[in-house]
Structure formats: C-alpha cells, structure tokens
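Undergrad: Got a structure for you, questions after.
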Amino acid sequence: MGNQPSFIAEARREQIIEAAIKTLDEIGYVKASLAQIAKRAKISTGLISYHFADKRDLMNHLLMKLLERSTAYILERVQLKKTAQEKLVAFIEASLAYQYTHPAHNSALIEIVFNARTPDNIPYYKLSDDEEEDQLTHELQQILLEGQEKEEFEKFNVYVMASVIQGAIGEYMLSNSTITQKIDLETYKSELVKIVEKMIVFRNKEYVRTV
28 MGNQPSFIAE
38 ARREQIIEAA
48 IKTLDEIGYV
58 KASLAQIAKR
68 AKISTGLISY
78 HFADKRDLMN
88 HLLMKLLERS
98 TAYILERVQL
108 KKTAQEKLVA
118 FIEASLAYQY
128 THPAHNSALI
138 EIVFNARTPD
148 NIPYYKLSDD
158 EEEDQLTHEL
168 QQILLEGQEK
178 EEFEKFNVYV
188 MASVIQGAIG
198 EYMLSNSTIT
208 QKIDLETYKS
218 ELVKIVEKMI
228 VFRNKEYVRT
238 V
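In the numbering used here, each residue's number is its place in the sequence shown (first place is 1) plus 27.
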C-alpha cells in the first residue's frame with residue numbers, strides 16, 4: 028500500500044500528459060492553456076497546477092516524454108539487429124513507422140519545439156545541442172561508423188550522412204508535407220532505404236539483406 032500515492036500521482040501526471048498531447052495536436056501551442064488541457068483531461072486546472080508548476084514546466088516534461096517514447100521505440104528495434112546495415116535499415120524503418128503511427132505525438136513535438144521558449148526568451152529550436160547530443164543522432168552516427176569500420180559502408184562524412192538521413196526521415200513527419208500527400212508510407216520507406224543503401228553500402232562486398 029505504501030506505493031499507492033505515488034502510483035496514483037504518476038497515473039494522474041500521465042493523464043495530463045496525454046491531454047496535453049491532444050490539445051497541442053488540436054489547437055496548437057499558443058492556444059494550449061492549462062484550462063484547455065484540463066478540459067480535455069476532464070479535471071480541474073488546479074489539479075494540473077498541483078503536478079506541474081506552470082505551462083512551461085508541463086511542456087518541458089511533455090517534450091522529454093515524447094523524446095523518450097520515440098527513442099525507446101526505435102532503439103529497441105535497432106538493438107535486435109546484428110550488422111551495421113541491418114541496424115541502419117531498422118533505424119530508418121522504425122523512425123518512419125513511429126511517426127506514422129503516432130501523428131498526434133509528432134504534432135505536439137513540432138508545436139513545442141517551434142513555439143516554446145526558455146526563461147531567456149530563446150526559442151527551443153535555436154538552442155544548441157552541443158552539450159547534450161540527441162540520443163538518436165548519436166545512435167545513427169555510431170551505426171554509420173560501425174559500418175565503415177567493418178567495411179560494410181563506403182568512406183564518407185558520418186555527420187553529413189546522418190544529417191541527410193534524419194532530414195529525409197523528418198520530412199515525412201510534417202503532416203502538411205507534399206511528399207506525404209503523394210507517397211504512402213511503405214513506398215517512402217522502401218525507396219529511402221534503397222537510396223541510402225546505394226549511397227553508402229560498400230560496393231565490393233556482396234550483401235543480402237535479411238527480412
């Protein structure tokens with residue numbers, strides 16, 4: 028019974044987080060007041076204030092939660108693979124699959140990154156990530172480095188290639204992107220994997236990708 032209060036509090040925080048995701052997806056960051064979030068959570072605004080100091084505090088927690096969820100989903104699938112090429116394919120496919128199956132999460136993430144500001148009034152998207160490198164970016168770079176070291180991949184600038192791959196993945200995240208209106212997920216995923224493999228796979232080494 029000793030853990031019951033913390034369990035209830037965690038469940039309430041999760042309820043608020045889910046309501047915040049829905050609110051951001053429906054009306055955007057600017058209009059997403061605590062009152063609007065409380066309305067969708069079917070609780071009082073005061074109850075939100077009990078768990079989170081203010082809107083900024085809630086949005087910071089939500090941002091971390093969104094990143095944790097997507098990161099865990101992708102890395103779980105990457106870690107099941109053995110070779111660098113298999114890991115790279117899993118990374119691309121899992122990234123696109125998560126985005127496709129969690130559209131509200133994508134909207135919420137974009138709303139926070141492009142609208143939230145620090146106490147110094149700096150937009151989140153302008154913050155430097157030098158000190159704390161994104162975990163997925165680091166994982167992708169390590170996969171590419173591993174592929175080069177084991178001669179699965181050609182020689183290229185790992186940072187540039189990682190940026191290119193993530194850019195192609197991120198483009199499909201945008202709900203109003205022209206590409207999402209013209210190309211279905213499976214086609215986009217298949218074509219992106221083919222393009223990346225043609226660019227980086229070591230051509231003098233025969234490789235058959237396992238399903």
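Cβ atoms here follow ideal geometry from the backbone N, Cα and C, with glycine treated the same way. Predicted, not measured: the structure shown is a model, and the values here were computed from it.
Please classify F229: does DSSP put it in a helix, a strand, or coil?
TA: Coil, per DSSP.
Undergrad: Could you pull out every residue in the same chain whose Cβ sits closer than 7 Å to the Cβ of S122, ignoring the five residues on either side in sequence?
TA: So the qualifying residues of the chain are I101, I196.
Undergrad: Give the DSSP-derived three-state secondary structure of F79 in the structure shown.
TA: Residue state, collapsed to three classes: coil.
Undergrad: Please give me, in chain order, every unbroken run of the beta strand (DSSP E) with length at least 3 that falls completely inside the region 139 to 168.
TA: Counting only runs of 3 or more, we get nothing.
Undergrad: With 16 as the cutoff for other CB atoms within 10 Å, does V116 come out buried or exposed?
TA: Classification for V116: buried.
Undergrad: Thinking just about the alpha-carbon of each residue, which of A189, A62, F229 is nearest to the one in D161?
TA: Nearest option by C-alpha distance: A189.
Undergrad: With contact counted as at least three CB pairs below 8 Å, one residue from each stretch, are the region 95 to 114 and the region 166 to 183 in contact?
TA: Because the criterion of three Cβ pairs below 8 Å is met, the region 95 to 114 and the region 166 to 183 touch.
Undergrad: Put F180 into one of helix, strand or coil per three-state DSSP.
TA: In the structure shown, F180 sits in a strand (DSSP, three-state: E or B).
Undergrad: Count the other CB atoms, across all protein chains shown, that sit within 10 Å of the CB of H132; report buried if there are 16 or more and exposed otherwise.
TA: Under this definition H132 is a buried residue.
Undergrad: Would a C-beta distance cut-off of 8 Å place I139 and M86 closer than the cut-off?
TA: Yes, these two residues count as a Cβ contact at 8 Å.
Undergrad: Rounded to a whole number of angstroms, what is the C-alpha to C-alpha distance between I192 and I119?
TA: Roughly 8 Å separates the two Cα atoms.
Undergrad: Going by DSSP, what residue range makes up the alpha helix (DSSP H) through M188?
TA: Counting along the chain, the alpha helix (DSSP H) containing M188 begins and ends at 185 to 198.
Undergrad: In this structure, does DSSP put I210 in helix, strand or coil?
TA: Three-state result, I210: coil.
Undergrad: Using only the alpha-carbon positions, how far apart do L154 and V105 sit?
TA: So the alpha carbons of these two residues sit roughly 28 Å apart.
Undergrad: Here's the rule I'm using: 16 or more other beta-carbon atoms within 10 Å means buried, otherwise exposed. How should T214 be labelled?
TA: Burial call: exposed.
Undergrad: Tell me the residue span of the alpha helix (DSSP H) that contains I115.
TA: For clarity, residue 115 is Leu in the given sequence; the question names Ile instead. L115 -> alpha helix (DSSP H) spans 111 to 128.
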